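Novice:
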Amino acid sequence: MASAAEQLAANINFSAFGKATELKQRLWFTLGALLIYRLGTYIPIPGIDPAALKQIFDQNAGGILGIFNMFSGGALGRMTILALNITPYISASIIIQLLTAIVPSLETLKKEGEAGRKRLNQYTRYGTVVIAVFQAFAIAGGLESMRGGGGVSAVIDPGLAFRLVTTITLVGGTIFLMWLGEQITARGVGNGTSLIIFSGIVANMPAAGGHMLELVRTGDINPLFAGAFLILAVAVIGFIVFMERAQRRLLVQYPKRQHGNKQFGGEASHLPLKMNTSGVIPPIFASSLLLLPASIAGFQAAQGSDGWLATIVSYVAHGKPLYMVLYVAMIMFFSFFYTAVVFNPTETADNLRKYGGFIPGIRPGKNTADYLDYVLTRLTVVGAAYLSVVCVLPEILTSQYNVPFYFGGTSLLIVVSVTMDTVAQIHSHLLAHQYEGLIKKSKLRGRRG
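Using numbering that gives the first Met the number 0, the letters of the sequence shown correspond one by one to residues 0 to 448.
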């Protein structure tokens with residue numbers, strides 16, 4: 000079967016892609032949805048002075064606002080209806096998944112299959128609305144206190160009406176993006192939430208590249224350093240591709256079975272365990288949690304006050320030691336947590352025993368589950384270390400040498416990982432289409448015979 004699949008994959012070409020009508024429809028739907036998202040990042044909320052807002056963001060481009068603006072695809076810097084982006088949905092997903100591991104009733108829902116999953120998704124949506132309301136109201140209040148050059152306010156007519164309109168608009172934008180992401184996942188290709196973040200980063204990369212060239216031209220960045228940094232970025236991309244494809248393949252043996260005069264089984268297969276089982280989720284979760292309190296504090300401290308909010312901003316600012324330590328700690332935590340969510344060693348061991356499979360040298364049942372847990376723990380340690388290195392080291396360089404955020408480790412990891420995942424899904428659709436074509440041909444030949 001494996002050799003047949005490899006042969007079929009080798010025969011996939013552009014003609015096969017042209018015949019895959021469903022795949023083309025899914026791709027066009029995905030592109031159309033992402034285009035709508037990008038258009039939404041240019042529709043401003045009412046009552047904002049764009050000139051004053053631009054001055055404020057230019058002054059804080061190297062801090063928390065700059066990072067948040069990157070994840071929002073530039074929508075926050077323009078203060079548009081999608082300024083909150085998909086971040087509240089990600090935060091709500093984190094909270095629900097954490098509660099699932101703690102609250103017995105939610106854990107029971109998780110085990111109920113499709114019906115339980117729908118209930119948990121509904122709770123996530125409710126949580127998204129609650130978090131979005133708090134964040135939107137905080138942003139509205141922060142905007143009223145922000146001052147540009149000459150003390151000009153970013154809000155034309157501050158007051159309760161502005162706060163209500165801004166809150167409703169931003170919450171509505173987040174709900175729309177949540178729905179759009181779910182539609183991409185169901186009707187398009189790839190994970191909708193990841194693609195929304197991906198498109199926002201990619202859309203701003205050309206501008207970031209132009210900004211970097213301008214810094215080289217003005218002498219703010221040494222040309223040799225810029226060249227070395229680009230080489231490092233290419234090396235990081237290659238390292239990401241290698242680590243995302245790396246896996247530990249455990250040999251699984253199936254015993255021979257006799258049915259009448261025929262003998263079945265006796266085959267060997269492999270159980271693949273990815274080096275980075277959690278994928279790009281830990282950096283996204285870690286960034287979201289770090290940006291949630293820091294962004295609110297940053298808006299409240301925008302007037303340059305020396306209070307405790309300004310102190311928080313200074314400690315968790317991009318590139319600061321505390322920010323890096325918290326970032327690495329959260330990446331490590333979510334790597335183990337998400338791996339435990341997506342892979343259950345006990346359930347896998349039970350499934351192997353149910354179908355007669357076993358790992359040579361390991362007794363079925365609890366011993367197999369313990370062995371899988373042991374192997375997976377070691378792989379997760381390596382995977383979490385890889386994520387930490389890829390995300391933190393370039394971030395240090397970008398903060399120390401004024402390189403745009405879009406060339407940092409987190410953004411590169413998201414772009415490369417989402418691209419690989421989307422390409423893999425496209426390849427799977429093509430394989431399925433090829434198999435369907437072969438089955439139809441064999442049926443036609445059988446009828447003719």
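We put the CB at the ideal spot given by N, CA and C, even for glycine.
On a predicted model such as this, the values are computed, not experimentally measured, just so you know.
DSSP state of L429, grouped into three classes?
Specialist: The count along the sequence shown starts at 1 and reaches residue 429 at position 430. Looking at L429 - three-state DSSP - the assignment turns out to be helix.
Novice: Would you verify that the beta carbon of M274 is, or is not, closer than 8 Å to some beta carbon of chain B?
Specialist: Protein chain content of the structure displayed is limited to a single chain, and chain B is not contained in it.
Novice: Alpha carbon to alpha carbon, what distance is there between M78 and W27?
Specialist: Residue mapping note: residue 27 aligns to position 28 of the sequence shown, counting from 1. Residue mapping note: residue 78 aligns to position 79 of the sequence shown, counting from 1. Approximately 28 Å, taken between the alpha carbons.
Novice: Can Y36 and M177 be called in contact, C-beta distance under 8 Å?
Specialist: The residue labelled residue 36 in the question sits at position 37 within the sequence shown. The residue labelled residue 177 in the question sits at position 178 within the sequence shown. Cβ distance not < 8 Å, so Y36 and M177 don't count as in contact.
Novice: Identify, in the order they occur along the chain, each residue of the same chain with its Cβ nearer than 7 Å to the Cβ of E243, setting aside the five sequence neighbours on each side.
Specialist: Residue numbering aside, residue 243 sits at position 244 when the sequence shown is read from its first letter. These residues qualify, in order along the chain: N275, S416 and M419.
Novice: Pick from N68, A131 and Y385: whose alpha carbon is nearest that of G171?
Specialist: Here residue 171 refers to the residue found at position 172 when the sequence shown is read from its first residue. The shortest C-alpha separation from G171 is found at A131.
Novice: Considering Cα atoms alone, identify which of V128, A245, T99 and Y125 is closest to G115.
Specialist: Locating residue 115 in the sequence shown gives position 116, where the first residue counts as 1. Nearest C-alpha to G115: T99.
Novice: Distance check for K23 and L321, CA to CA, integer angstroms please.
Specialist: Residue mapping note: residue 321 aligns to position 322 of the sequence shown, counting from 1. Residue mapping note: residue 23 aligns to position 24 of the sequence shown, counting from 1. Looking at the two C-alpha atoms, the distance is approximately 47 Å.
Novice: DSSP state of R362, grouped into three classes?
Specialist: Stepping through the sequence shown from its first residue, residue 362 is reached at position 363. Residue state, collapsed to three classes: coil.
Novice: Straight-line CA distance for G140 to V151?
Specialist: Here residue 140 refers to the residue found at position 141 of the sequence shown. Here residue 151 refers to the residue found at position 152 of the sequence shown. Straight-line Cα distance between these residues: approximately 16 Å.
Novice: Grab me the residues of Q6's own chain with a C-beta within less than 7 Å of its C-beta, minus the 5 sequence neighbours each way, in chain order.
Specialist: Counted from its first residue, the sequence shown places residue 6 at position 7. Confidence at Q6 is low in this model, with a pLDDT of 45, below 50, so its placement is unreliable and the value that follows should be read with caution. Excluding sequence neighbours, Q6 sits near nothing in its chain.
Novice: Alpha carbons only, please: which of A423, L250, V374 and N366 is nearest the one belonging to P359?
Specialist: By 1-based counting over the sequence shown, the position of residue 359 is 360. Of the listed residues, the one whose Cα sits closest to P359 is L250.
Novice: Among L142, L169 and T168, which one has its Cα closest to the Cα of G158?
Specialist: As a working mapping, residue 158 is identified with position 159 in the sequence shown. Minimum Cα distance to G158 is reached at L142.
Novice: Quick one: is F284 buried, meaning 16 or more other Cβ sit within 10 Å of its Cβ, or exposed?
Specialist: The residue given as residue 284 occupies position 285 in the sequence shown. Label assigned to F284: buried.
Novice: In three-state DSSP terms, what is Y43?
Specialist: By 1-based counting over the sequence shown, the position of residue 43 is 44. Strictly speaking, residue 43 in this sequence is Pro, with Tyr absent from that position. It is a strand residue.
Novice: Could you tell me the alpha carbon to alpha carbon distance between L83 and L75, rounded to whole angstroms?
Specialist: As a position in the sequence shown, residue 83 is number 84, starting the count at 1. As a position in the sequence shown, residue 75 is number 76, starting the count at 1. C-alpha separation (whole angstroms): 7 Å.
Novice: According to DSSP, what are the bridge partners of R248?
Specialist: By 1-based counting over the sequence shown, the position of residue 248 is 249. Per DSSP, P271.
Novice: Roughly how many whole angstroms lie between the Cα atoms of R162 and I138?
Specialist: Numbered from 1 along the sequence shown, position 163 holds the residue referred to as residue 162. Numbered from 1 along the sequence shown, position 139 holds the residue referred to as residue 138. Cα to Cα, the separation comes out at about 9 Å.
Novice: Assess contact between the stretch 98–113 and the stretch 193–203, defined as three or more Cβ pairs (one per stretch) separated by less than 8 Å. Is contact present?
Specialist: No, the stretch 98–113 does not touch the stretch 193–203.
Novice: Grab me the residues of V460's own chain with a C-beta within less than 8 Å of its C-beta, minus the 5 sequence neighbours each way, in chain order.
Specialist: Only positions 0 to 448 of the chain appear in this structure, which leaves residue 460 out of reach.
Novice: Are there three or more Cβ pairs, one per stretch, closer than 8 Å when the stretch 208–221 is compared with the stretch 49–57?
Specialist: Too few Cβ pairs lie closer than 8 Å, so no.
Novice: For R77, which beta-bridge partners are listed by DSSP?
Specialist: If you number the sequence shown from 1, residue 77 lands on position 78. For R77, which the question treats as bridged, DSSP gives no partner whatsoever.
Novice: Please state whether DSSP places V374 in a helix, a strand or coil.
Specialist: Position 375 of the sequence shown, counting from 1, holds the residue named residue 374. The answer is helix: DSSP assigns V374 an H, G or I state.
Novice: CB V414 to CB V235, shorter than 8 Å?
Specialist: Taking the sequence shown and counting its residues from 1, the one referred to as residue 414 is at position 415. Taking the sequence shown and counting its residues from 1, the one referred to as residue 235 is at position 236. Against a cut-off of 8 Å, the Cβ pair of V235 and V414 comes out as no contact.
Novice: Tell me which residues share the same chain as A449 and place their Cβ nearer than 8 Å to its Cβ, disregarding the 5 neighbours each side in the sequence.
Specialist: Residue numbering for the chain in the displayed model covers 0 to 448; residue 449 lies beyond these limits and cannot be assessed.
Novice: Give the straight-line distance between the Cα atoms of D219 and A225, rounded to the nearest whole angstrom.
Specialist: Here residue 219 corresponds to residue number 220 of the sequence shown, with the count starting at 1. Here residue 225 corresponds to residue number 226 of the sequence shown, with the count starting at 1. Their backbone Cα atoms lie some 10 Å apart in a straight line.
Novice: State the CB to CB distance for the pair I239 and V128, rounded to an integer number of angstroms; the pair is presumed to be in contact (CB under 8 Å).
Specialist: Here residue 239 refers to the residue found at position 240 of the sequence shown. Here residue 128 refers to the residue found at position 129 of the sequence shown. So it is not a contact: roughly 34 Å between Cβ atoms.
Novice: Which residue's Cα is closest to the Cα of L270: V327, Y370, Q121 and Y337?
Specialist: Your numbering for residue 270 matches position 271 in the sequence shown. The option with the nearest alpha carbon to L270 is Y370.
Novice: For S334, list the residues DSSP reports as bridge partners.
Specialist: Counting from one through the sequence shown, the residue named residue 334 turns up at place 335. Answer is none; S334 lacks a bridge partner.
Novice: In the DSSP assignment, find the unbroken alpha helix (DSSP H) run with M177 in it and report its ends.
Specialist: Position 178 of the sequence shown holds residue 177. First-last of the alpha helix (DSSP H) with M177: L159 to R186.
Novice: By alpha-carbon positions, which one of A185, T86 and A232 ends up nearest to S410?
Specialist: Within the sequence shown, the letter at position 411 stands for residue 410. Here the closest residue by C-alpha is A232.
Novice: With distances taken between CB atoms, is the gap from A368 to T345 smaller than 8 Å?
Specialist: Taking the sequence shown and counting its residues from 1, one reaches residue 368 at position 369. Taking the sequence shown and counting its residues from 1, one reaches residue 345 at position 346. For A368 and T345, yes; Cβs fall inside 8 Å.
Novice: Is it true that the CB of R216 sits closer than 8 Å to the CB of R25?
Specialist: The residue given as residue 25 occupies position 26 in the sequence shown. The residue given as residue 216 occupies position 217 in the sequence shown. In this structure, R216 does not lie closer than 8 Å to R25 by Cβ.
Novice: Can you grab the Cα-Cα spacing for the pair A19 / L430, in whole Å?
Specialist: Position 20 of the sequence shown holds residue 19. Position 431 of the sequence shown holds residue 430. For A19 and L430, the distance between alpha carbons rounds to 10 Å.
Novice: Counting only the same chain and skipping the five closest in sequence on each side, list residues whose C-beta sits under 8 Å from that of L248.
Specialist: For the purposes of this step, residue 248 is identified with residue 249 of the sequence shown, where counting begins at 1. Rather than Leu, the amino acid found at residue 248 in this sequence is Arg. So the qualifying residues of the chain are H269, L270, P271 and L272.
Novice: Give the C-beta separation of T173 and I44 to the nearest angstrom, bearing in mind that I take them to be a contact with Cβ-Cβ under 8 Å.
Specialist: Translated into the one-based positions of the sequence shown, residue 173 becomes position 174. Translated into the one-based positions of the sequence shown, residue 44 becomes position 45. About 13 Å separates the two Cβ atoms, so there is no contact after all.
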